[in-house]
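Top line first, the protein sequences correspond to chains A, B and C.
Quick note on my numbering: the first sequence kicks off at 198 and runs consecutively.
Quick note on my numbering: the second sequence kicks off at 460 and runs consecutively.
Quick note on my numbering: the third sequence kicks off at 58 and runs consecutively.
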Amino acid sequence: MGIERVETGDAELVRRIRAGDIGAYGVLVARYRDRLGRYAVHMIGDREDAEEALQDSFVRAYRSLDRCNDPARFGAWLYGILVNRCRTTGARAARRRRLFVQDAEALNGASHADAMERLEWTDAVERALARLAPEYREAFLLKHVEDLEYEEIAELTGDGISALKMRVKRAREQLQKFLREAEHV
Amino acid sequence: MIIVALLLATQVAVQDPRLERLDPETRSSVIAIVDSAREMGLPSEPLVQRALEGATKGAAAPRIVAAVRRLAADLGTVRTVLGARASTPELEAAVAALRAGASVPVLASLRDARRGPLTMTLSVLADLVASGVPPDSAAAVVLALAPNARDVDLVEFRRAVERDIALGAPPAAAAAVRVNAGARPGTAASRP
Amino acid sequence: MFEQDDDIVERMIRQLRRPVSIDPGLDARVMGEIAAAAQPGKRRTWPWLAAAAAVLAVVVVTRPWTLDPGTSRADAFQFVLVAPQAASVSLVGDFNDWDPARSPMHTAHGVWATVVPLAPGRYRYAFLVNGVEWRADPAAPNAIDDEFGTPSSVVTVAGRGS
Chain A
198 MGIERVETGD AELVRRIRAG DIGAYGVLVA RYRDRLGRYA VHMIGDREDA
248 EEALQDSFVR AYRSLDRCND PARFGAWLYG ILVNRCRTTG ARAARRRRLF
298 VQDAEALNGA SHADAMERLE WTDAVERALA RLAPEYREAF LLKHVEDLEY
348 EEIAELTGDG ISALKMRVKR AREQLQKFLR EAEHV
Chain B
460 MIIVALLLAT QVAVQDPRLE RLDPETRSSV IAIVDSAREM GLPSEPLVQR
510 ALEGATKGAA APRIVAAVRR LAADLGTVRT VLGARASTPE LEAAVAALRA
560 GASVPVLASL RDARRGPLTM TLSVLADLVA SGVPPDSAAA VVLALAPNAR
610 DVDLVEFRRA VERDIALGAP PAAAAAVRVN AGARPGTAAS RP
Chain C
58 MFEQDDDIVE RMIRQLRRPV SIDPGLDARV MGEIAAAAQP GKRRTWPWLA
108 AAAAVLAVVV VTRPWTLDPG TSRADAFQFV LVAPQAASVS LVGDFNDWDP
158 ARSPMHTAHG VWATVVPLAP GRYRYAFLVN GVEWRADPAA PNAIDDEFGT
208 PSSVVTVAGR GS
């Protein structure tokens with residue numbers, strides 16, 4: 198539709214928001230929506246709950262923006278808010294996780310058999326994730342899917358680095374086991 | 460009979476000033492249709508809204524009257540299928556589904572498949588067809604989802620199919636694959 | 058054996074790293090919540106629409122549990138149209154008697170928006186641009202019939218009342 202998008206850094210946007218330009222926050226939301234959404238969807242396992250957690254986190258972040266000490270690292274700070282918010286939804290993940298997985302390639306011209314196989318794999322992945330203890334899942338996703346450094350993860354979760362490394366290692370071991378089990382079903 | 464109709468027409472005209480937006484000839488035709496619909500226990504609001512839509516869009520009188528008449532007829536049809544306790548939103552959604560190609564037997568099957576309001580189920584069916592999913596495929600997938608999916612699941616399903624279509628998936632395939640992802644043979648029941 | 062096992066986890070990681078698309082309507086919901094809380098008289102709340110220009114905002118469909126059980130309470134919905142060249146845009150539909158004067162839209166930076174309360178139900182609607190041009194909502198389902206020759210969209214609101 199001919200909309201121009203100007204790339205402005207997070208720090209500058211935060212500065213503008215603090216000066217009263219609420220609209221600048223919308224740019225931050227658009228910028229981080231999908232990336233944070235990915236974490237929320239895999240952590241919580243339910244797209245709708247994930248979007249709710251995501252929405253809450255964005256609103257919470259706006260309201261406590263004055264507590265963002267390093268605007269250049271707004272993204273990491275926002276992650277921290279989301280990680281905490283996802284922890285409170287954890288209890289509901291006890292019911293079966295339903296995930297409508299976006300898989301466009303599976304649909305584009307793929308045979309029905311291929312599409313089914315791909316869907317079974319994505320389902321096996323989500324089921325394996327669901328079987329992990331929440332703190333293992335959290336550490337695993339932040340490290341391997343969201344690509345955060347251990348130092349960053351430690352900062353946003355408040356956990357120690359060696360504890361985090363142990364959780365990630367355990368998570369990998371367990372996932373290996375779960376996926377192998379799924380293969381033999 | 461004519462006197463009664465005139466009396467009723469006066470009442471409606473007094474009660475619903477919105478219809479003043481129509482020219483007198485159109486207004487009296489629309490009022491007649493609304494009144495007979497009311498007598499049959501059909502809701503009048505959708506008919507009034509359809510007439511107002513035509514008025515705002517500057518449509519010619521015959522077109523407005525035809526649209527209102529067609530809607531009244533369709534409301535009657537779907538009310539026969541859904542029953543007298545169907546709400547106005549359910550009836551409106553059912554008309555949309557009917558016009559999207561869902562047959563009366565399909566509507567009856569949906570009614571039987573699901574407890575609670577059918578508004579979202581029928582709306583999603585109509586919306587899927589509007590996105591390009593062939594009517595038979597749309598009916599089949601909605602029937603498959605109707606027994607267990609919540610309203611929010613149906614909305615999510617519709618959005619997901621539209622996203623896939625926007626990304627280039629053939630519409631019928633987009634709907635079918637998504638249903639298969641939710642209910643596959645050999646897996647445990649979809650409830651824990 | 059070790060390599061094989063590691064491969065399967067790596068394959069899983071690749072799967073998980075695939076982009077997940079979140080409903081872009083979320084942006085509008087977030088900004089709506091924030092704008093609603095903004096104090097009147099403090100700052101114009103409409104400048105936030107400039108941010109919405111980066112997004113084709115969609116009609117918000119409320120989740121059923123946000124409505125009181127047993128009542129058909131209306132919730133506020135935001136309608137947005139990006140139309141930088143327009144001088145005026147009205148929202149018209151089944152919820153406002155198709156009356157262009159009822160829901161004129163407000164603009165900032167070419168993005169037009171308005172908020173309307175909607176009780177559960179199914180509503181046809183369209184945008185009237187410059188008083189003459191009819192546009193459907195590009196981000197909403199199309200209405201099945203356009204018997205008056207102009208495009209319309211549909212919004213369905215879930216809830217106990219429906």
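From the three backbone atoms N, C-alpha and C, an ideal C-beta is built for every residue, glycine too.
Does the beta carbon of residue i come closer than 7 Å to any beta carbon on chain B?
i: ARG179 of chain C; result: yes
i: ASP194 of chain C; result: no
i: ASP132 of chain C; result: no
i: GLN72 of chain C; result: no
i: SER210 of chain C; result: no
At 9 Å on the CB atoms, spell out the chain C contacts of residue i, in chain order.
i: SER590 of chain B; result: PRO198 and ASN199
i: ARG522 of chain B; result: GLU204, PHE205 and GLY206
Could you pull the DSSP bridge partners for residue i from this structure?
i: LEU175 of chain C; result: C:ASP132
i: THR213 of chain C; result: C:ARG179
i: ALA170 of chain C; result: C:VAL137 and C:HIS163
i: ASN153 of chain C; result: Note: ASN153 of chain C sits in no beta bridge, so no partner.
i: ARG192 of chain C; result: C:PHE184
i: LEU148 of chain C; result: C:PHE184
i: ASN199 of chain C; result: C:SER210
List the residues of chain B that residue i touches, going by C-beta distances under 8 Å, in chain order.
i: PRO157 of chain C; result: THR515
i: THR207 of chain C; result: LYS516
i: TRP191 of chain C; result: LYS516
Taking residue i and residue j to be in contact with their CB atoms under 8 Å, please state how far apart those CB atoms are, rounded to whole angstroms.
i: ALA559 of chain B; j: ILE201 of chain C; result: 5 Å
i: ALA197 of chain C; j: TRP169 of chain C; result: Contact flag wrong, Cβ pair sits at about 15 Å.
i: LEU326 of chain A; j: HIS239 of chain A; result: 6 Å
i: LEU251 of chain A; j: LEU279 of chain A; result: 7 Å
i: ASP207 of chain A; j: ALA258 of chain A; result: That pair is no contact at about 12 Å.
i: GLU245 of chain A; j: VAL611 of chain B; result: 6 Å
i: VAL149 of chain C; j: GLY178 of chain C; result: Incorrect: roughly 16 Å between the Cβ atoms, too far for contact.
i: TYR333 of chain A; j: GLN373 of chain A; result: Wrong, their Cβ atoms sit about 13 Å apart, outside the cutoff.
So is residue i buried or exposed if we call it buried at 16+ other beta carbons inside 10 Å?
i: GLU498 of chain B; result: exposed
i: GLU380 of chain A; result: exposed
i: VAL189 of chain C; result: exposed
i: LYS340 of chain A; result: buried
i: ASP586 of chain B; result: buried
i: ALA561 of chain B; result: buried
i: SER445 of chain B; result: For chain B, the structure presents residues 460 to 651; residue 445 of chain B sits outside this window and is missing.
i: ALA111 of chain C; result: Bear in mind that the predicted position of ALA111 of chain C carries a pLDDT of just 31, short of 50, making it too unreliable to give a figure here.
i: SER210 of chain C; result: buried
i: GLN135 of chain C; result: buried
i: TRP122 of chain C; result: For TRP122 of chain C, the predicted model reports a pLDDT of 24, less than 50, meaning its position is unreliable; a value from the coordinates is still stated below. Exposed, since its Cβ has fewer than 16 Cβ neighbours within 10 Å.
i: ASP344 of chain A; result: exposed
i: VAL212 of chain C; result: buried
i: VAL719 of chain B; result: Nothing about residue 719 of chain B can be read from this structure; chain B reaches only from 460 to 651.
What in chain C is Cβ-close to residue i, meaning under 8 Å?
i: ALA598 of chain B; result: Here the premise fails: no neighbours, minimum Cβ distance about 14 Å.
i: ASP231 of chain A; result: PRO76, VAL77, SER78 and ILE79
i: VAL226 of chain A; result: LEU83, ASP84, VAL87, MET88 and ALA108
i: ALA559 of chain B; result: ILE201
i: ALA634 of chain B; result: By Cβ distance, chain C contributes nothing, its closest Cβ being about 14 Å from ALA634 of chain B, past 8 Å.
i: ALA325 of chain A; result: MET69
i: TYR347 of chain A; result: Simply none; closest approach about 16 Å.
i: ARG618 of chain B; result: ASP80
Counting only beta-carbon atoms, is residue i nearer than 7 Å to chain A?
i: GLU204 of chain C; result: no
i: VAL186 of chain C; result: no
i: MET256 of chain C; result: Chain C is shown from 58 up to 219; residue 256 of chain C falls before or after that span and cannot be answered.
So, does the CB of residue i fall closer than 7 Å to a CB anywhere in chain C?
i: VAL238 of chain A; result: yes
i: ALA585 of chain B; result: yes
i: VAL280 of chain A; result: no
i: LEU511 of chain B; result: yes
i: SER582 of chain B; result: yes
i: GLU335 of chain A; result: no
i: GLY277 of chain A; result: no
i: GLU248 of chain A; result: yes
i: ASP553 of chain B; result: Contrary to the premise, residue 553 of chain B reads as Ala rather than Asp in this sequence. Not closer than 7 Å to any Cβ of chain C, the Cβ of ALA553 of chain B fails to qualify, so no.
i: ALA526 of chain B; result: yes
i: GLY234 of chain A; result: yes
i: ARG477 of chain B; result: yes
i: LEU376 of chain A; result: yes
i: VAL322 of chain A; result: yes
i: VAL342 of chain A; result: yes
If the cut is a Cβ gap below 7 Å, which residues of chain C does residue i touch?
i: PHE271 of chain A; result: What PHE271 of chain A touches in chain C: nothing, since even the nearest Cβ is about 15 Å away.
i: PRO548 of chain B; result: PRO177, GLY178, ARG179 and SER219
So which residues on chain A does residue i lean against when the C-beta distance must stay under 7 Å?
i: VAL66 of chain C; result: ARG369, LEU372 and GLN373
For residue i, go through chain B and note every residue whose CB falls closer than 7 Å to its CB, in chain order.
i: VAL149 of chain C; result: THR515
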